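Colleague:
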Amino acid sequence: MSGIELQGIDAMMREIRQRLTSGVDRIESRALRLAGEPIAEEMKENVKRSEVNYVRSRHYVDDIRVSRVVRREGVKYVLIGATKATSWRGHWLEWGTSRTAAQPHVEPAYHARKGQALQIMAEEFQRGLRR
Amino acid sequence: MITDVKTTVRAALIANAALIGLLGGPRIYQFKAPNASEQPRIDFFEVVNRDSEFADNQSIGSEIVVQISIFSLGSTSAIAGEVDRTMKSLGYFRTSAVDQFESDSSLFHKAMRYRTNIQEFYL
Chain L
479 MSGIELQGID AMMREIRQRL TSGVDRIESR ALRLAGEPIA EEMKENVKRS
529 EVNYVRSRHY VDDIRVSRVV RREGVKYVLI GATKATSWRG HWLEWGTSRT
579 AAQPHVEPAY HARKGQALQI MAEEFQRGLR R
Chain W
804 MITDVKTTVR AALIANAALI GLLGGPRIYQ FKAPNASEQP RIDFFEVVNR
854 DSEFADNQSI GSEIVVQISI FSLGSTSAIA GEVDRTMKSL GYFRTSAVDQ
904 FESDSSLFHK AMRYRTNIQE FYL
């Protein structure tokens, strides 16, 4: 999957881990996945659907999603974008070619919705702390 | 809203004599060149132009992202260097750059994105 990487906020997570003894993993994962959704939706809105009728594949826009939560070297994150099946098409759309104009959708979506994503994460963590 | 981004960028690129020399003329087009096989050339467009700073509930700044694409059958490095110099002289900084190769046309494509924040004051 290619696209945007959303990481948790280290300082906030340290504080939350100190206050919560159990369930922190679940809250963290849920917050990351929920925070990725508005960015994925914005990406979809910024891409035109082609008129190709895919039989064995699918439209790139239908393939944009938030991944499951991945943990690497102690850091949890989600990837937002298309799967390997169609991400190569997204690359050409994002940057354009000599014959076709670009349809930037990854970078603009991130900048348009990053504030909302952080807000969702903060609300999820607050909800978790109140429980 | 800043509405003269494309005019300013194109004028600055055309004023760079070294760049025009490398391109073999003012082959700088907004969004898409009329002839897709013309090379070397530059296509450019605004990726983002949005309100970025606020005071008294009013926008006082614009965040702008411009993509500059270089298409060439040969190396894009010298052209990219001149583009970079020009964009930085305008107050932009480079946020990303990718190299692509189009196998059907054998064109190398170097795409670079530049960002700036321009403050607008309304008195």
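Protein chains in written order, with the numbering used here: chain L, 479 to 609; chain W, 804 to 926. We put the beta carbon where it would ideally sit given N, CA and C, even for glycine. Predicted model only: the values in this text are computed from it and were never measured.
For the beta strand (DSSP E) containing His-912(W), name the first residue and the last one.
Modeller: 910 to 922 is the span of the beta strand (DSSP E), which, as asked, contains His-912(W).
Colleague: Using a 10 Å radius around the Cβ and a threshold of 16 neighbouring Cβ atoms, would you call Glu-529(L) buried or exposed?
Modeller: By the neighbour-count rule (16 or more Cβ atoms within 10 Å), Glu-529(L) is not buried but exposed.
Colleague: Should Tyr-895(W) be labelled buried (16 or more other beta-carbon atoms within 10 Å of its own) or exposed?
Modeller: By the 10 Å Cβ count, Tyr-895(W) comes out buried.
Colleague: Any idea if Lys-562(L) is buried or exposed, counting beta-carbon neighbours within 10 angstroms, 16 or more meaning buried?
Modeller: Its Cβ having fewer than 16 others within 10 Å, Lys-562(L) is exposed.
Colleague: Relative to chain L, which residues along the region 826 to 846 of chain W have a C-beta separation below 7 angstroms, given in chain order?
Modeller: Hits within the stretch, in order: Phe-834, Lys-835, Ala-839.
Colleague: Can a CB atom of chain W be found closer than 9 angstroms to the CB of Glu-575(L)?
Modeller: The sequence given here has Thr at residue 575(L), not Glu. With 9 angstroms as the cut-off, Thr-575(L) counts as an interface residue toward chain W.
Colleague: In three-state terms, what does DSSP make of Ser-565(L)?
Modeller: The answer is helix: DSSP assigns Ser-565(L) an H, G or I state.
Colleague: Across which residues does DSSP place Val-868(W) in a beta bridge pair?
Modeller: Answer is Val-851(W), Arg-918(W), bridged to Val-868(W).
Colleague: What in chain L is Cβ-close to Glu-885(W), meaning under 9 angstroms?
Modeller: Per Cβ cutoff of 9 angstroms: no residues; Glu-885(W) is ~20 angstroms from chain L at best.
Colleague: Can you pull the chain W neighbours of Pro-516(L), defined as C-beta to C-beta under 7 angstroms?
Modeller: None at all; the shortest Cβ gap to chain W is about 16 angstroms.
Colleague: Any idea what DSSP makes of Arg-608(L), helix, strand or coil?
Modeller: In this structure, Arg-608(L) counts as helix in the three-state DSSP scheme.
Colleague: For the candidate residues Phe-834(W), Thr-898(W), Arg-830(W), Asn-920(W), whose alpha-carbon lies nearest to that of Glu-849(W)?
Modeller: Per the Cα distances, Phe-834(W).
Colleague: Identify, in the order they occur along the chain, each residue of the same chain with its Cβ nearer than 7 angstroms to the Cβ of Ala-836(W), setting aside the five sequence neighbours on each side.
Modeller: Closer than 7 angstroms at Cβ, skipping near neighbours: Arg-844, Asp-846.
Colleague: Along chain L, in chain order, which residues have C-beta atoms closer than 7 angstroms to that of Glu-905(W)?
Modeller: Per Cβ cutoff of 7 angstroms: Thr-575, Ser-576.
Colleague: Would you call the region 866 to 877 of chain W in contact with the region 912 to 923 of chain W, where contact means no fewer than 3 C-beta pairs closer than 8 angstroms?
Modeller: With a cut-off of 8 angstroms, the region 912 to 923 of chain W and the region 866 to 877 of chain W count as touching, because enough Cβ pairs lie within range.
Colleague: Using the Cα positions of Phe-904(W) and Asn-531(L), report the straight-line distance between them to the nearest angstrom.
Modeller: Approximately 27 angstroms, taken between the alpha carbons.
Colleague: Are the C-beta atoms of Ala-600(L) and some chain W residue less than 9 angstroms apart?
Modeller: No, no contact with chain W.
Colleague: When we look at the beta-carbon of Phe-603(L) and count the other beta-carbons within 10 Å, is it buried (16 or more) or exposed?
Modeller: Phe-603(L) should be labelled buried.
Colleague: Give a yes or no on whether 9 angstroms exceeds the smallest Cβ distance from Gln-861(W) to chain L.
Modeller: It does not: the Cβ of Gln-861(W) has no partner Cβ on chain L nearer than 9 angstroms.
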